[in-house]
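I have placed the structure first, in the form of structure tokens, so that the comments after it can refer back to it.
Protein chains in written order, with our numbering: chain H, 598 to 1025; chain F, 474 to 708; chain Y, -11 to 301; chain L, 45 to 348.
As structure tokens, then:
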């Protein structure tokens, strides 16, 4: 076992002294210094390998591993090789904090990144501040930009939900309809959608005429559909968890082939689910938000093609070696991009080791733009150092013949909102 | 004659169609040793269970020392001074002999606890075994421990349900001595099959049959009662 | 009445925990602090289950009562950390008393299911009041609030010392409780309820008292968790957090004072080490439960007491 | 929607969930009634049935209707075998001591859950419905398969009832339930009966799960909900009473479906503060209170 319960033991001190003595005797001290600086940079990854987030976790791990290979092939960070240590957090906040501590203090990782589920992020963030270790989350929650977390927690790789929702609203009201019924899970993530979308729709002159909250433990949904008012023009749905497919299927059965409102959904509902699954035919013609289009679009950039190949995803957004293994494509790019941002910020701050962690955060806070390219295949982004939040371009795709085709892209301005916090005024 | 300490009137308990106890009137006088006898299934154990509160009466009334206790739960009756020892040995098998008796003494608020517990143990001759785990005692000793727990409660009424069952002759003699030493400070109600024990100890006997009182009186009177004889002999 | 050897053993364990602090790596300082807090929770569980024989599947509710009393007290009402640590046990005891008043009308299997149902209702209640609790996401307690006087409880050493202080107090009180006359009555209730009733003890009040004490422990642990680790969330009120103390107690030894700590220590590190090798740690928890009830129902210290050290409390 | 349509929809949805619940809860009730074992892993047997249905359906060639029928036969058998094994290896050795068996079945729950995750992965696994037609009612459309589920469940429950009342197997099971020792004296192999009953209980959960997967998909965390609902059903119906279980399943299944459907119609504030989550809280408390104040259930007689 590599874990040391009590440090330092007499034996490790003795071996250390012996090794040092040997080095001095053979006059190899200069090479030793060089060896120290070429020691790998260790990045901890808080992974949802088990628990409710497991479907995402698998793809987060694959994407981060692919990005790591690209980084190392290009010479690593500051000329040093990079390692990622993956540790399962069970998608549980308490375990998340423990895992963070383990990665930071036991495995001596330089920083930790990768968490997706909001409760894990929120449960872990205090630990990051206590240990003064940067924590880069890939969660799309509004918790970072809302100011509830701390200076050590940042979300530079993916847009937060408030911005996403706000960016969507004009398209929905202008193209689909002005009277919206919302269906969302009755917990914090769903409430974010409810609150921010209702406000954004109102600002566009539309109206949310029904808010249907569904309890988190629910497995069937038909019984909620009669609450959708008859005059509804658009149904906005955002469901998460394993029951989402049921939700969509039941909605399809409910409306059948008859006249139905327009459907606008968040891709969260169908991440890792094949659009061609039995029962989903009725989604044809409906619209989805996507952060990153799952199906390779006709105008896909070179960077996009490179990214797909590197991660091992085919043109339909499934694993290249198993077409039934559908990716969580709309979210997983965040781990890729976050790794390149880590590289950029470490190089900008001249990061050498744990002592430079604060410099790393400051360097990241000073960043403002990420240009589209192999490092940012999802698209260009701005980064707000004060709120620690990145803002990117969102896509709206339409289901056509069992595939998702992009019909609209938001601009960076669409998703802007006034700052709610200035982390840079907080002490480290 | 001494004052009546416990009085039951019209006490009834049926189980489905079985009239286990059926309108029994019963008096117990302060300081006596009273035996309750009757054939198997006569309702003796049910009757004392009603007195001790382990089973609730369907109708009738029980008063103890002038106080109506009919609706009082069992543990509250114990606190009033009605102690009950089980027909089937019910000791704390996993605890030490001392702890068994201490639990009884503690319930009465005896102080100092240790001395009170040891006194009860010495009255049944188990003081040397105080640290032994109760479940490892011989059967006879377990029965004596059961009695010691009853004594440690310092009861005003001690109900003993077939206490000598399974005891050797020597143990029965010890037991008889213990019971005699309890009165007249306390009163004893004894369910017993062993007629020798009954005749040696009881000052008064009540005979139950089919849930009803068949006869009641002094030992010689009961022995001479033809109804009792026919009930017992089946004649 | 406390055996000298027993007192010495417990004081030695406490001394060792204190002496270990400067020697432990940072990672283990936090871990042991967490283990001590969870051990307080498990000790409370043990008072109900190990000593009184009440197998509850709803203790997460009592833990959460302390957790949320402290967490919401601080974040919504500006309570001090010290105040939260006092409020937590009160809330835990109150929750346990309320649940006990109803649940103790049942016994055995029905008691397990009733407590499970109450805890499930408690969990859903946290989700329902999402405006105040932030539901599944939970509340982060500001670092500034996690201090007693000028001592920052989010730093390693004060955190460890606070957890140690609560643990030491809980352990010594537990020792005193089980060696007190009331402790003997709790065990009597576990061993033979009918007998105990016929010795004049009211099973309902005895069990209710034990459950309330158990709730006070759970609430204290919950409050300590909130203050020391700064996070309060619904997942800490889920069924899993009712099973956890049961597992610790079964492993360490039900009805032993040190068992819950030993169980928590071993289980925590078993899962921690296993999680680097395999993600199948649920399997380990499941297998541990089954193997324990099959082959070592008395747990480590219970078996030790039976074979070698009868004096172990 | 018209009130009549709403009522029809509520009725249909209520019947679907009641029929599946009745099958699942009968399994739990059977095990409790005959073995006096509270099986906390019951929901995981349900889950296992569902993921195995996906496995069978995706491995076997042939049209969905054929693979589905195959799954309906194969999955309960496999799940039953797993249950029988658990009974022989664990529960029997615990001598069916109530508290120890609960702890052991909690352990089993974790093991089965982890096993399903390791073998089948974390994704929701869809199974195509063997019947693919929709019924259009005034105001809403409805899956034809769901109607078939109701019919299938009724037939299966009838079959169960016949087995229990009209066959030697049922007689042996009832004899064992009344008195283990006497049953043994009459030459009944009690060990085998227990293993069989435990397998049958798990098998019923598995059948229910196979019926439901074309509607709900299989997922390794799906066992919790049926477990809690089954507990509620068995408690309300009276522990160990099959008839009570079926009646309670009907009641709970209906109420569970009807609240979100009818409350918005009759109660305008529904959704504002009286959310479905609050309805669930109340339902859970009601079940707990029934167990406290009427442990024989709403439909059972108090035992003397």
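Idealized CB from N, CA, C, for every residue including glycine.
Model, not experiment: these values are computed from the prediction.
- Nearest Cα to residue 199 (chain Y) within the set Y:35, Y:20, Y:29 and Y:6: Y:35.
- Counting C-beta atoms within 10 angstroms of its own C-beta, residue 513 (chain F) has fewer than 16 neighbours from the protein chains shown and is therefore classed as exposed.
- With its beta carbon at least 8 Å from every one in chain Y, residue 1019 (chain H) lies outside the interface.
- Straight through space, the alpha carbons of residue 517 (chain F) and residue 493 (chain F) are spaced by roughly 9 Å.
- Going by beta carbons, residue 860 (chain H) and residue 884 (chain H) fall inside the 8 Å limit.
- Within the DSSP bridge table, the entry for residue 178 (chain L) names L:187 as partners.
- Distance check between residue 985 (chain H) and each of H:853, H:648 and H:733 places H:733 closest, using alpha-carbon atoms only.
- For residue 677 (chain F), the enclosing beta strand (DSSP E) covers residues 677 to 682.
- Contacts with chain H (Cβ-Cβ distance below 7 Å) from the stretch 99 to 127 of chain Y involve 115, 118, 122, 123, 124, 125 and 126, listed in chain order.
- If you look at residue 845 (chain H), you'll find it in the alpha helix (DSSP H) that goes 841 to 852.
- Linking residue 997 (chain H) to residue 337 (chain L) through their CA atoms gives a straight-line distance of about 58 Å.
- DSSP places residue 834 (chain H) in the strand class (E or B) of the three-state scheme.
- Taking 8 Å as the cut-off, the Cβ atoms of residue 853 (chain H) and residue 188 (chain L) do not count as close.
- If you look at residue 557 (chain F), you'll find it in the beta strand (DSSP E) that goes 555 to 558.
- Between the alpha carbons of residue 703 (chain H) and residue 674 (chain H) lies a gap of roughly 22 Å.
- DSSP places residue 981 (chain H) in the strand class (E or B) of the three-state scheme.
- Between residue 1012 (chain H) and residue 760 (chain H) a beta carbon distance of about 4 Å is seen, short of the 8 Å cut, so the two are scored as contacting.
- The DSSP-derived three-state label of residue 22 (chain Y) is helix.
- Take residue 556 (chain F), set aside five residues on each side of it, and the residues of its chain with a beta-carbon closer than 6 Å to its own are 623, 626, 628 and 631, in chain order.
- Taking 8 Å as the cut-off, the Cβ atoms of residue 28 (chain Y) and residue 212 (chain Y) count as close.
- Just measuring C-alpha positions, the residue of L:143, L:278, L:245 and L:256 sitting nearest residue 343 (chain L) is L:278.
- Per DSSP, the continuous alpha helix (DSSP H) segment holding residue 144 (chain Y) begins and ends at 144 to 166.
- Within the stretch 474 to 523 of chain F, the complete beta strand (DSSP E) segments of 3 residues or longer fall at 477 to 488, 491 to 502 and 506 to 510, listed in chain order.
- With a cutoff of 8 Å on beta-carbon distance, residue 100 (chain Y) and residue 328 (chain L) are scored as not near each other.
- Residue 829 (chain H) is positioned such that its CB atom lies no closer than 8 Å to that of residue 809 (chain H).
- Residue range 804 to 811 is occupied by the beta strand (DSSP E) that includes residue 804 (chain H).
- Restricting attention to H:876, H:787 and H:991, the CA atom closest to the CA of residue 849 (chain H) is found in H:876.
- Under the Cβ criterion (8 Å, minimum of three pairs), the stretch 204 to 222 of chain Y counts as touching the stretch 57 to 71 of chain Y.
- Residues of the stretch 253 to 273 of chain Y that bring their beta carbon within less than 7 Å of a beta carbon in chain L comprise 268, 270, 271 and 273, in sequence order.
- Put simply, the CB of residue 820 (chain H) is near chain L, with a gap under 8 Å to one of its CB atoms.
- The residues 915 and 916, in chain order, have a CB closer than 6 Å to that of residue 922 (chain H) in the same chain once the five nearest residues on each side in sequence are set aside.
- In terms of CA proximity to residue 259 (chain Y), H:684 leads the group H:661, H:684 and H:637.
- Interface annotation for the stretch 567 to 585 of chain F against chain Y: 567, 568, 572, 575, 576, 577, 579, 580 and 581, criterion Cβ-Cβ distance under 8 Å.
- Taking a Cβ-Cβ threshold of 8 Å, the residues of chain H close to residue 161 (chain L) are 647 and 651, in chain order.
- The CB of residue 869 (chain H) comes closer than 9 Å to the CB of 166, 167 and 168 in chain L, given here in chain order.
- Using a Cβ distance threshold of 8 Å, residue 123 (chain L) and residue 246 (chain L) count as a contacting pair.
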